[in-house]
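**Student:**
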Amino acid sequence: MSFEESRTDTDAESALFEVATSVKQQLGINRDQDNLMGWMFVLPNVVMFLVFLLGPVLFAFFISFQDWNILKNEGTWVGLTNYIEILQPWPWENNFAALKDPTVNLWWYSLKNTAVYAIGTVPLQIFGGLAIALLLDKRVRGKKIYRAAYFMPVMLSGAASAVMWRWFLAADGVINGLLEPIGLAHNWAGDPATALGGVMLMAIWGGIGSNMIFFLAGLQNIPEELYEAARIDGASDWEKFRHVTWPNLGNTSFFVIVMAIISSFQVFGIALAFSAGGPYYSTTTSVLLIYQRAFEEGQMGVGAAMAFLLFILIFAFSYYQYRYRQSEEVDY
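When you line the sequence shown up against our numbering, it's residues 1248 to 1579, in that order.
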């Protein structure tokens, strides 16, 4: 390249730089906001989010106000009719009939099943995972084998776990083979009174292992100097846990609790594979009902409306946990 060509390129770059500087001044962009390279790195992720996540969510919100035909890809505007049909009658009407009888209002009945599932599984998943993590964080012989054994249920697919547990809990299953000699045999998976309990048992079995991993990571980040200071002060094991372990697991426990609550309200795969919502709607959860309405019955508008009602509920729980966590934090 000759000297004249090099000088021409430099002049062109200078002119382009001056134009860019003038544009930034006109737009009010200062030097701290001038991060074009950062925006270029973020742009692909933003585009993917808008196209494949936010776009479908907004479209689902749009069709929740319509009687949508998925085959014709068109719908009729019905306003709030879908939401009104889903919520009526209210659960406190007719002596809480909607919570007792699925034929009165299946949405409220499925929401009750989901709430029972969450209340029965979340505490046991959290405290079970924490207890096992505390045991395996100590010097235990073969603790890597124990960690792998407790984490193994997490590696199984939900469908495989559901089929396995349905076989365990069936009238001629393994569990009844053990209980029959003492007269306690029962069709646990086929009885509406116990079928949801079978799904909950499966969820607890699978959820403890994943929570154990999170708590183990949190325990390993606690400085050993804190425990040494507690031992010097004569603290007991319970006092060490109360004043050292649990406060330092604040961020971990917050994450585990929020994720466990969200997962419990979104339970779908294991309920579908275990009994497809039966017997007599006893394992019909909110997400399973949304799937049945939208994809099995073709009521896309009703399914979308149910999905947004569930979103509002999950958002309220998550936001409450976030605000409660903020109020518990102490600034030093």
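The beta-carbon is built from N, C-alpha and C at its ideal position, and this holds for glycine as well.
Keep in mind the model is a prediction, meaning the values are calculated, not measured.
For the stretch 1445-1487, list the beta strand (DSSP E) runs that are entirely contained and at least 3 residues long, ordered along the chain.
**Tutor:** Within the stretch 1445-1487, no complete beta strand (DSSP E) run reaches 3 residues.
**Student:** Report buried or exposed for Ser1574, applying the criterion of at least 16 other Cβ atoms within 10 angstroms of its Cβ.
**Tutor:** Result: exposed.
**Student:** For the stretch 1441-1448 and the stretch 1514-1531, state whether three or more C-beta atom pairs, one from each stretch, are separated by less than 8 Å.
**Tutor:** The answer is yes - the stretch 1514-1531 touches the stretch 1441-1448, with three or more Cβ pairs under 8 Å.
**Student:** Where does the unbroken alpha helix (DSSP H) through Met1372 begin, and where does it stop?
**Tutor:** Position check: residue 1372 holds Gln in this sequence, whereas Met was assumed. Counting along the chain, the alpha helix (DSSP H) containing Gln1372 begins and ends at Leu1353 to Leu1383.
**Student:** Excluding five sequence neighbours on each side, which residues of the same chain lie with their C-beta closer than 8 Å to the C-beta of Leu1327?
**Tutor:** Excluding residues within five positions, the ones whose Cβ falls inside 8 Å are Phe1312.
**Student:** Should Leu1583 be labelled buried (16 or more other beta-carbon atoms within 10 Å of its own) or exposed?
**Tutor:** A question about residue 1583 goes unanswered here, because the residues of the chain that appear run from 1248 up to 1579.
**Student:** Thinking C-alpha only, which one of Phe1562, Asp1314, Tyr1571 and Gln1335 is nearest Ser1544?
**Tutor:** According to the sequence shown, residue 1544 is Glu rather than Ser. It is Asp1314 whose Cα lies nearest to the Cα of Glu1544.
**Student:** Per DSSP, which residues does Thr1323 bridge with? Please list them.
**Tutor:** BP columns for Thr1323 point to Asp1314.
**Student:** Asn1434 lies in the alpha helix (DSSP H); which residues open and close that run?
**Tutor:** Neither: Asn1434 is in no alpha helix (DSSP H) and is coded neither H nor E.
**Student:** Counting C-beta neighbours from all protein chains within 10 Å, is the total for Ala1440 16 or more, i.e. buried, or is it exposed?
**Tutor:** Under this definition Ala1440 is an exposed residue.
**Student:** Please report how far the alpha carbon of Thr1361 lies from the alpha carbon of Phe1501, in whole angstroms.
**Tutor:** Looking at the two C-alpha atoms, the distance is approximately 21 Å.
**Student:** Taking the continuous alpha helix (DSSP H) assigned at Ser1511, which residues delimit it?
**Tutor:** Unbroken alpha helix (DSSP H) run through Ser1511: Gly1497 to Phe1512.
**Student:** Kindly indicate which three-state DSSP category Tyr1527 falls into: helix, strand or coil?
**Tutor:** Of the three classes helix, strand and coil, the one that applies to Tyr1527 here is coil, per DSSP.
**Student:** When the distance is taken between beta carbons, is Leu1377 closer than 8 Å to Tyr1393?
**Tutor:** Going by C-beta atoms, Tyr1393 is not nearer than 8 Å to Leu1377.
**Student:** Distance check for Met1506 and Arg1386, CA to CA, integer angstroms please.
**Tutor:** The alpha-carbon atoms of Arg1386 and Met1506 are separated by roughly 29 Å.
**Student:** Pair every Cβ in the stretch 1428-1438 with every Cβ in the stretch 1346-1354, then say whether three or more of these pairs are closer than 8 Å.
**Tutor:** Judged by Cβ distances under 8 Å, the stretch 1428-1438 makes no contact with the stretch 1346-1354, as fewer than three pairs qualify.
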